[in-house]
Amino acid sequence: MEHDHPGFFGRLAAQQAPELLWIGCSDSRVPANQIVDLLPGEVFVHRNIANVVDHADRNCLAVMQYAVGELRVKHIMVVGHYRCGGVRAALEPYRGGLVDDWLAPIRALHQRHRAFFDTCPGGSARWDKLCELNVLEQARSVSQATVVREAWARGENLAVHGWIYSVADGLLRDLEVTVAKPEEANTVFEGRLAQLL
Ligand code: CO
967 MEHDHPGFFG
977 RLAAQQAPEL
987 LWIGCSDSRV
997 PANQIVDLLP
1007 GEVFVHRNIA
1017 NVVDHADRNC
1027 LAVMQYAVGE
1037 LRVKHIMVVG
1047 HYRCGGVRAA
1057 LEPYRGGLVD
1067 DWLAPIRALH
1077 QRHRAFFDTC
1087 PGGSARWDKL
1097 CELNVLEQAR
1107 SVSQATVVRE
1117 AWARGENLAV
1127 HGWIYSVADG
1137 LLRDLEVTVA
1147 KPEEANTVFE
1157 GRLAQLL
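The number in the working numbering is simply the position in the sequence shown, starting from 1, with 966 added.
Here's what the structure looks like:
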């Protein structure tokens, strides 16, 4: 890196000024920078199992607060992925333990759309669909977070996006739920949900 871009690390050590916050899954096949082809310094990252954005999770909230309030990121991308093991586990019988507890919001999401999932072909179709709905749900959760609402109220330029990555072909797809104003959030998420179900 230093050979191709002399002074790269010197500049990076002085400050970080990323415009993007990536909220993604911890899955080893979904590395943030590599997927969007961005250099160190360009994307602030939060990852957890199944990219859950829970308003009781101090870790995720602190990351969002710092990213929005201090780093002034312009975009927050919630990035799920197909074949997500966390989403898969939420489709299976409850076994207990920390991971299962963590996945409770996804289990609840599945329950909420039970009527749809009961008519959905089994196997990977159901799994993939829940991965997509989970992105919508967590992006909606970001759009409802106090720190995001306050940034919008201050008139800041901040957009929330929902993307999904396929570990099978390396392609990243936009789920088209970009929201940049509080008043459009419900329409965007409900409209897209109706298309996906
Ligand atoms: Co995953």
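For every residue, glycine included, the Cβ atom is placed at its ideal position computed from N, Cα and C.
Specify, as a first and last residue, the run of the alpha helix (DSSP H) that residue 969 falls within.
As a working note, residue 969 is residue 3 in the sequence shown. Note, residue 969: premise wrong, no alpha helix (DSSP H); not H, not E.
Return yes when at least one heavy atom of the ligand CO lies under 6 Å from the C-beta of residue 1117, else no.
Sequence index remark: in the sequence shown, residue 1117 carries index 151 (1-based). It does not: the Cβ of residue 1117 is nowhere closer than 6 Å to a heavy atom of the ligand CO.
By how many angstroms is the C-alpha of residue 1060 removed from the C-alpha of residue 991?
Here the question's residue 991 lines up with position 25 in the sequence shown. Here the question's residue 1060 lines up with position 94 in the sequence shown. Roughly 21 Å between the two C-alpha positions.
Using the C-alpha atoms, what's the distance from residue 988 back to residue 1011?
Translated into the one-based positions of the sequence shown, residue 1011 becomes position 45. Translated into the one-based positions of the sequence shown, residue 988 becomes position 22. Their Cα atoms are separated by approximately 5 Å.
Which residue spans inside the region 1087-1131 form an unbroken beta strand (DSSP E) run of at least 3?
Listed in chain order, they are 1125-1131.
Report, in whole angstroms, the separation of the C-beta atoms of residue 1105 and residue 1126, which I expect to be a contact under 8 Å.
The sequence position of residue 1105 within the sequence shown is 139, counting from 1. The sequence position of residue 1126 within the sequence shown is 160, counting from 1. Yes, residue 1105 and residue 1126 are in contact; Cβ-Cβ is about 6 Å, under 8 Å.
If I measure Cβ to Cβ from residue 1049 and keep anything under 6 Å in the same chain, skipping five residues before and after, which residues do I get?
As a first step, residue 1049 must be located in the sequence shown, where it is residue number 83. Counting only Cβ-Cβ distances below 6 Å, and skipping sequence neighbours, we find 1133.
Residue 967: buried (16+ other C-beta within 10 angstroms of its C-beta) or exposed?
Taking the first residue of the sequence shown as position 1, residue 967 is located at position 1. So residue 967 ends up on the exposed side.
Please name the residue, chosen from 1093, 1108, 1159, 1080, that lies closest to residue 1186 on a Cα-to-Cα basis.
Shown here, the chain extends from 967 to 1163; a query on residue 1186 therefore has no answer.
Using a Cβ-Cβ cut-off of 7 Å (strictly less than) and excluding sequence neighbours within five positions of residue 1142, which residues of its own chain qualify?
To locate residue 1142, count along the sequence shown from 1; it is residue 176. These residues qualify, in order along the chain: 1158.
First and last residue of the beta strand (DSSP E) that includes residue 1014?
Translated into positions along the sequence shown, residue 1014 becomes position 48. Note, residue 1014: beta strand (DSSP E), 1009-1014.
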